[in-house]
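Student:
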Amino acid sequence: MTQVKKTKKTASRRGRPSKPRKPKFAKIKVQLPKGVHDILPEEQAYWEKFRTIVSQVAKNYGFQRIDVPIFEDIRLYQKGTGLSTDIVQKEIYTIKTRGEEILALRPEFTPGIVRAYIEHGMKNLPQPVKLFTTGSLFRHDKPQAGRYRQFNQIDFEIIGDHSGVSDAQIIQVFLTIFRKLGLKKPELFINSIGCSICVPDYKKALLTHYRRDINNLCFDCKKRYKENPLRLLDCKKERCKKLASKAPHVIDFLCDECKNHFKEVLEFLDEMDIAYNLNPYLVRGLDYYTKTVFEIFGQEKGSQSTLVGGGRYDNLVEMFKGKSTPAVGAAAGMERIIEELKKQDVKVVKNDKPRVFIIQLGDLGKKKSLKLFEEFQKNNIKVGEAFSKPSIKSQLRIADKLGSELALILGQKEALENSIIIRDMVSGAQETIPLEKIINEVKKRLKK
RNA sequence: GUACCCAUAGCUUAAUGGUUAAAGCUCUAGUUUGUGGAACUAGCGAUACGAGUUCAAUUCUCGUUGGGUACCCCA
Numbered sequence: 259m260t261q262v263k264k265t266k267k268t269a270s271r272r273g274r275p276s277k278p279r280k281p282k283f284a285k286i287k288v289q290l291p292k293g294v295h296d297i298l299p300e301e302q303a304y305w306e307k308f309r310t311i312v313s314q315v316a317k318n319y320g321f322q323r324i325d326v327p328i329f330e331d332i333r334l335y336q337k338g339t340g341l342s343t344d345i346v347q348k349e350i351y352t353i354k355t356r357g358e359e360i361l362a363l364r365p366e367f368t369p370g371i372v373r374a375y376i377e378h379g380m381k382n383l384p385q386p387v388k389l390f391t392t393g394s395l396f397r398h399d400k401p402q403a404g405r406y407r408q409f410n411q412i413d414f415e416i417i418g419d420h421s422g423v424s425d426a427q428i429i430q431v432f433l434t435i436f437r438k439l440g441l442k443k444p445e446l447f448i449n450s451i452g453c454s455i456c457v458p459d460y461k462k463a464l465l466t467h468y469r470r471d472i473n474n475l476c477f478d479c480k481k482r483y484k485e486n487p488l489r490l491l492d493c494k495k496e497r498c499k500k501l502a503s504k505a506p507h508v509i510d511f512l513c514d515e516c517k518n519h520f521k522e523v524l525e526f527l528d529e530m531d532i533a534y535n536l537n538p539y540l541v542r543g544l545d546y547y548t549k550t551v552f553e554i555f556g557q558e559k560g561s562q563s564t565l566v567g568g569g570r571y572d573n574l575v576e577m578f579k580g581k582s583t584p585a586v587g588a589a590a591g592m593e594r595i596i597e598e599l600k601k602q603d604v605k606v607v608k609n610d611k612p613r614v615f616i617i618q619l620g621d622l623g624k625k626k627s628l629k630l631f632e633e634f635q636k637n638n639i640k641v642g643e644a645f646s647k648p649s650i651k652s653q654l655r656i657a658d659k660l661g662s663e664l665a666l667i668l669g670q671k672e673a674l675e676n677s678i679i680i681r682d683m684v685s686g687a688q689e690t691i692p693l694e695k696i697i698n699e700v701k702k703r704l705k706k
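Residue numbers (our numbering): 259 to 706.
Next up, the structure:
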């Protein structure tokens with residue numbers, strides 16, 4: 259029999275000389291542009307857990323959510339993030355509108371949040387204003403592990419307080435989130451890069467230190483020498499590193515105010531038992547930082563292991579014509595943190611398995627099943643279904659794969675006599691009961 | 001922006017300068033016209049794209065695209 263069938267099939271295939279029918283439309287192959295990624299259903303458990311913890315911790319520490327637009331006037335970032343930064347010089351995505359306007363996809367959160375603070379008169383709220391957000395950012399960078407062109411960050415800002423307590427609290431918030439996520443041993447590095455009063459002195463000293471060796475510097479460092487001497491300390495090239503290691507430390511040049519502020523921050527960290535490493539060469543790549551700067555690294559060493567970066571930016575509000583307002587904030591890369599969780603083998607349980615599954619057979623059975631399904635929704639019981647499958651076998655298979663404990667079978671016969679079969683998927687025992695009692699029966703059985 | 005490595009089905013892998021590119025997992029269905037997990041059977045499904053060498057390229061060469069890694073920078 260099967261053979262006949264087979265022969266028939268091949269014969270018919272061969273006997274049809276003219277092509278399989280062509281689609282009337284042209285096909286194109288589409289794939290993701292460079293450096294962007296999908297977050298697939300099986301990944302979502304991590305993201306959900308992450309977001310839940312973030313908003314929980316935010317609430318506990320008194321941060322309110324704000325959402326700022328994905329694109330803004332490019333000048334916001336040119337002025338805020340800084341013209342000399344790589345982010346603005348080579349990584350920012352721009353959009354030209356039909357008018358003359360040039361917009362930019364946000365490469366970071368802080369300028370947008372500061373703009374919102376000013377624009378909505380938040381200086382009239384009780385200070386400081388504590389805000390947080392999460393979302394996608396865009397940087398045209400070369401993609402590699404842990405680095406994407408569209409990526410997600412969580413961001414916390416405290417605007418309107420100069421005290422070191424806020425710096426410490428921002429750090430505390432991120433470490434709390436890490437603890438709740440189950441991330442082991444994040445490492446904190448911290449430094450102070452002074453304010454507009456003391457930094458010029460330090461820059462002068464740096465330039466003096468480098469002056470004699472300027473011709474030995476790498477190409478980038480020559481540029482840095484002119485535009486942003488602090489970043490000379492950041493260079494990873496051997497020759498430049500050697501020079502950097504003999505360079506004077508910022509700490510020694512801090513004015514009294516900055517020195518006290520830094521001391522205060524460290525004292526608060528000590529008080530909260532937060533371990534930190536002092537790194538005199540940590541300067542960070544954004545122009546607006548003053549005083550405290552810090553980074554938090556994961557355990558996995560590598561150049562992309564920065565999980566959090568942040569610091570104080572006491573001049574930024576004023577730069578946008580706001581009233582002089584001190585502020586501090588930080589942001590963490592969500593993709594990197596989730597990668598780190600996976601590397602550390604932190605498991606996240608996904609809990610969306612339906613414990614009950616409805617199986618329908620025949621037209622009448624299907625119709626009644628739809629209704630029954632709604633009944634379960636009203637009773638807030640998660641129930642699985644495969645209404646698109648006609649056979650009982652496929653439906654049972656799916657119920658089994660989903661790990662349902664109970665299968666409810668509603669076929670033609672049951673529909674006619676207003677009953678339903680309830681099947682225990684573990685023991686295989688089943689029982690026919692009146693349809694109207696099913697909700698209570700299921701509730702009873704699920705309690706066990 | 002620079003350097004190195006990589007690219008076969010949804011996933012993991014195989015093979016070949018020459019007929020129809022192979023397997024496991026997954027998925028769809030069947031072996032029971034109303035009963036899952038196992039087994040068996042069948043089906044779906046791929047040489048990233050473009051050029052060159054060749055009688056013949058998935059295989060060799062080049063380019064493009066995408067991925068990985070290092071530098072740079074950053075989260």
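Where is the CB? At the ideal position from N, CA and C, for every residue including glycine.
Within 10 angstroms of its Cβ, does glycine 567 collect 16 or more other Cβ (buried), or is it exposed?
Tutor: Buried is the call here.
Student: Evaluate histidine 519 with the Cβ neighbour count: other Cβ atoms within 10 Å of its Cβ, from every protein chain shown; 16 or more gives buried, anything less gives exposed.
Tutor: It counts as buried.
Student: When you compare the stretch 649-663 with the stretch 623-639, are there three or more beta-carbon pairs, one atom per stretch, that lie closer than 8 Å?
Tutor: With a cut-off of 8 Å, the stretch 623-639 and the stretch 649-663 do not count as touching, because too few Cβ pairs lie within range.
Student: Indicate whether the contact test is met: 3 or more Cβ pairs, each with one atom in the stretch 413-429 and one in the stretch 327-338, closer than 8 Å.
Tutor: Result no; under three Cβ-Cβ pairs closer than 8 Å.
Student: Quick one, which of Lys443, Gln430, Leu290 and Lys695 has its alpha-carbon nearest glutamate 529's?
Tutor: Ranking the options by Cα distance to glutamate 529, first place goes to Gln430.
Student: Unbroken alpha helix (DSSP H) runs of length 4 or more, entirely within the stretch 532-589: which are they?
Tutor: DSSP runs (the alpha helix (DSSP H)) wholly in the stretch 532-589: 574-577.
Student: For glutamate 699, does the three-state DSSP call read helix, strand or coil?
Tutor: In the structure shown, glutamate 699 sits in a helix (DSSP, three-state: H, G or I).
Student: Mapping the DSSP letters down to three states, classify leucine 290 as helix, strand or coil.
Tutor: Leucine 290: coil per DSSP, three-state reduction.
Student: Hey, is the stretch 576-585 in contact with the stretch 368-376, meaning 3+ C-beta pairs nearer than 8 Å?
Tutor: Result yes; three or more Cβ-Cβ pairs closer than 8 Å.
Student: The beta strand (DSSP E) that contains arginine 681, what's its start and end?
Tutor: Per DSSP, arginine 681 belongs to the beta strand (DSSP E) from 677-682.
Student: Just tell me which of Glu445, Lys443, Ser394 and Tyr547 has its CA closest to the CA of asparagine 486.
Tutor: The option with the nearest alpha carbon to asparagine 486 is Tyr547.
Student: Tell me, please, which residues DSSP counts as bridged to isoleucine 405.
Tutor: Just to set this straight, residue 405 is arginine in the shown sequence, not isoleucine. Gln402.
Student: Which class does asparagine 473 belong to by DSSP, given the choice of helix, strand or coil?
Tutor: The answer is helix: DSSP assigns asparagine 473 an H, G or I state.
Student: For the stretch 376-384 and the stretch 291-311, state whether three or more C-beta atom pairs, one from each stretch, are separated by less than 8 Å.
Tutor: Because the criterion of three Cβ pairs below 8 Å is not met, the stretch 376-384 and the stretch 291-311 do not touch.
Student: Measure the C-alpha to C-alpha separation of valine 700 and lysine 626 and round it to an integer number of angstroms.
Tutor: C-alpha separation (whole angstroms): 17 Å.
Student: Is there at least one non-hydrogen atom of the ligand GDP closer than 8 Å to the beta-carbon of glycine 338?
Tutor: Absent from the structure shown: the ligand GDP. Ligands present: none.
Student: Under 8 Å by Cβ, that's how I've got leucine 501 and tyrosine 468 pegged, so tell me the actual separation to the nearest angstrom.
Tutor: Yes, they are in contact, since the Cβ atoms of leucine 501 and tyrosine 468 sit about 6 Å apart, within 8 Å.
Student: Helix, strand or coil for alanine 362? Go by DSSP, reduced to three states.
Tutor: Alanine 362 falls in the strand class under three-state DSSP.
Student: Can you tell me whether DSSP reads glutamate 525 as helix, strand or coil?
Tutor: Helix at glutamate 525.
Student: State the Cα-Cα distance for the pair isoleucine 509 and glycine 556, rounded to the nearest angstrom.
Tutor: Straight-line Cα distance between these residues: approximately 26 Å.
Student: Quick one: residues in its chain with C-beta nearer than 6 Å to the C-beta of leucine 565, no 5 flanking neighbours on either side, listed in chain order?
Tutor: Only Ile554, Gly556, Ala590, Arg594 and Ile595 meet the Cβ criterion.
Student: Check each candidate in Gln336, Glu525 and Ile697 and name the one with the smallest Cα separation from isoleucine 360.
Tutor: With distances taken between Cα atoms, isoleucine 360 lies closest to Gln336.
Student: Where glutamate 643 and methionine 577 are concerned, what is the direct C-alpha to C-alpha distance, given to the nearest angstrom?
Tutor: Taking the straight line from one Cα to the other gives about 58 Å.
Student: Taking the alpha carbon of serine 450 as the reference point, which residue from Tyr571, Ile617 and Gly620 has its own alpha carbon closest?
Tutor: Serine 450 has its Cα closest to that of Tyr571, out of Tyr571, Ile617 and Gly620.
Student: To which residues of the same chain is glycine 686 closer than 8 Å at the C-beta, ignoring the five residues directly before and after it?
Tutor: Here the set comprises nothing.
Student: If I measure Cβ to Cβ from glutamate 522 and keep anything under 6 Å in the same chain, skipping five residues before and after, which residues do I get?
Tutor: Excluding residues within five positions, the ones whose Cβ falls inside 6 Å are Gly422.
Student: Whose CA, out of Lys381, Asn382, Ile412 and Arg323, lies closest to the CA of serine 394?
Tutor: Comparing Cα-Cα distances from serine 394 to each of Lys381, Asn382, Ile412 and Arg323, the minimum goes to Ile412.
Student: In the DSSP assignment, what are the bridge partners of aspartate 510?
Tutor: In DSSP, aspartate 510 forms no bridge with anything.
Student: Which residue's Cα is closest to the Cα of proline 538: Phe321, Lys461, Tyr319 and His507?
Tutor: Among Phe321, Lys461, Tyr319 and His507, the Cα nearest to that of proline 538 belongs to His507.
Student: May I ask which residues mark the beginning and end of the beta strand (DSSP E) holding alanine 665?
Tutor: Alanine 665 -> beta strand (DSSP E) spans 664-668.
Student: Identify the continuous beta strand (DSSP E) that holds leucine 395 and give its terminal residues.
Tutor: It spans 387-396 - the beta strand (DSSP E) in which leucine 395 sits, taken as one unbroken run.
Student: Give me, in chain order, the residues of the same chain whose beta-carbon lies closer than 7 Å to that of proline 692; leave out the 5 immediate sequence neighbours on both sides.
Tutor: For proline 692, where only same-chain residues beyond five positions count, the Cβ hits under 7 Å are Asn676 and Ser677.
Student: Can you tell me the Cβ-Cβ gap for lysine 640 and arginine 613, rounded? I've got them flagged as a contact below 8 Å.
Tutor: Lysine 640 to arginine 613, Cβ: 7 Å. Contact.
Student: Is it right to say lysine 280 is buried, meaning 16 or more other beta carbons lie within 10 angstroms of its own, or is it exposed?
Tutor: Because lysine 280 carries a pLDDT of 45, less than 50, the predicted location of this residue cannot be relied on, and the following value inherits that uncertainty. So lysine 280 counts as exposed.
Student: Tell me where the alpha helix (DSSP H) around threonine 434 begins and ends.
Tutor: Here the alpha helix (DSSP H) through threonine 434 covers 422-439.
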